[in-house]
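This note's numbering numbers the first residue of the sequence shown as -16 and each following residue consecutively.
See below for the structure under consideration.
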Amino acid sequence: MTDTWLIVGLGNPGPDYSHNRHNVGQMVLDELAARAGGRFKSHKSRAQVLEGRLGIGGPRVVLAKPVCYMNVSGGPVSALANFYDIDPGHVIAVHDEIDIPFDTVKLKIGGGEGGHNGLRDISRALATKDYLRVRVGVGRPPGRMDTADYVLRDFSGPEKKELPFLLGSAADAVEALVREGLPAAQQKFHPAKAP
């Protein structure tokens, strides 16, 4: 196995979805690509891929945005992990998370998928839940709004003003995860609980 990292931004393909809350994972990948000064290219795994390093001489990374619908993300993720010989422990899925507030980023490895079909499909395709997740908070639907309707909508006006900060924070979290490991990255991004 290589020590390359596979960083996958989850979302749906096409312009109709590109600004939806559900696509925040792909927005984070765009931020990482901008930092790397690279461009995504089509890959046979049904993903847009950018190979590079995190900083000069930094760890080797493969940034990937599947070009299929969210609920079938597992195929491209598994294909890329096989192609680049990457262990599931070096796979990072960046995704929207309704169970944490907008503007919050949390990191974890393994655990449940919380009803997230993209994660469920990745767990199935990798035959393990033990991959890393960068959970980008989009908040809960207001009132009785259906969860699917909520995540397939664009961010609200006030949220759009804050979105660049959220994307930057999530990109920082991905970099910290790769460079420093999960416990150190969690200490940085999870606010300390009040005593």
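Every residue, glycine too, gets a C-beta built ideally from N, C-alpha and C.
If you compare alpha carbons, which of the options is closest to residue i?
i: V117; options: Y0, I75, A16, P59; result: I75
i: G93; options: I81, F138, D79, A110; result: A110
i: R22; options: N6, H5, A47; result: A47
i: Q31; options: L(-11), G41, N54; result: L(-11)
i: P(-4); options: S25, P49, A108; result: P49
i: G72; options: K24, S61, F148, E142; result: S61
i: V(-9); options: L102, D82, D68; result: L102
i: A131; options: S25, P(-2), M53; result: M53
i: M185; options: G58, V77, P174, P42; result: The shown model of the chain, from -16 to 178, leaves out residue 185, and the question about it has no answer.
i: A168; options: D68, K91, G40; result: K91
Measuring only between beta-carbons, confirm whether residue i sits less than 7 angstroms from chain B.
i: L150; result: Considering every chain present, this structure includes no chain B. It has just one protein chain.
Can you grab the Cα-Cα spacing for the pair residue i / residue j, in whole Å?
i: R123; j: N3; result: 14 angstroms
i: A19; j: L12; result: 10 angstroms
i: D113; j: S139; result: 33 angstroms
i: E163; j: H5; result: 27 angstroms
i: K27; j: S1; result: 22 angstroms
i: G8; j: D79; result: 6 angstroms
i: G97; j: V157; result: 21 angstroms
i: S106; j: N100; result: 10 angstroms
i: P141; j: L115; result: 30 angstroms
i: G126; j: F66; result: 44 angstroms
i: L63; j: A108; result: 11 angstroms
i: R198; j: P(-2); result: Any property of residue 198 remains undetermined from this structure, which presents the chain solely from -16 to 178.
i: A159; j: D129; result: 34 angstroms
i: D137; j: K171; result: 28 angstroms
i: Y133; j: K143; result: 15 angstroms
i: P59; j: K24; result: 14 angstroms
i: E14; j: P42; result: 17 angstroms
i: D104; j: C51; result: 12 angstroms
Can you tell me which residues form a DSSP beta bridge with residue i?
i: P49; result: A30
i: R36; result: R43
i: V77; result: G(-8), V117
i: L150; result: L150 pairs with nothing; no bridge assigned.
i: V88; result: V119
i: D137; result: N3
i: S25; result: Q31
Measure the CB-CB distance between residue i and residue j and report whether it falls below 7 angstroms.
i: V119; j: L37; result: no
i: L33; j: A16; result: yes
i: S56; j: L135; result: no
i: V121; j: I81; result: yes
i: I69; j: T(-13); result: yes
Decide yes or no for the touch test of the stretch 151 to 163 against the stretch 72 to 90: beta carbon pairs closer than 8 angstroms, at least 3 of them.
yes
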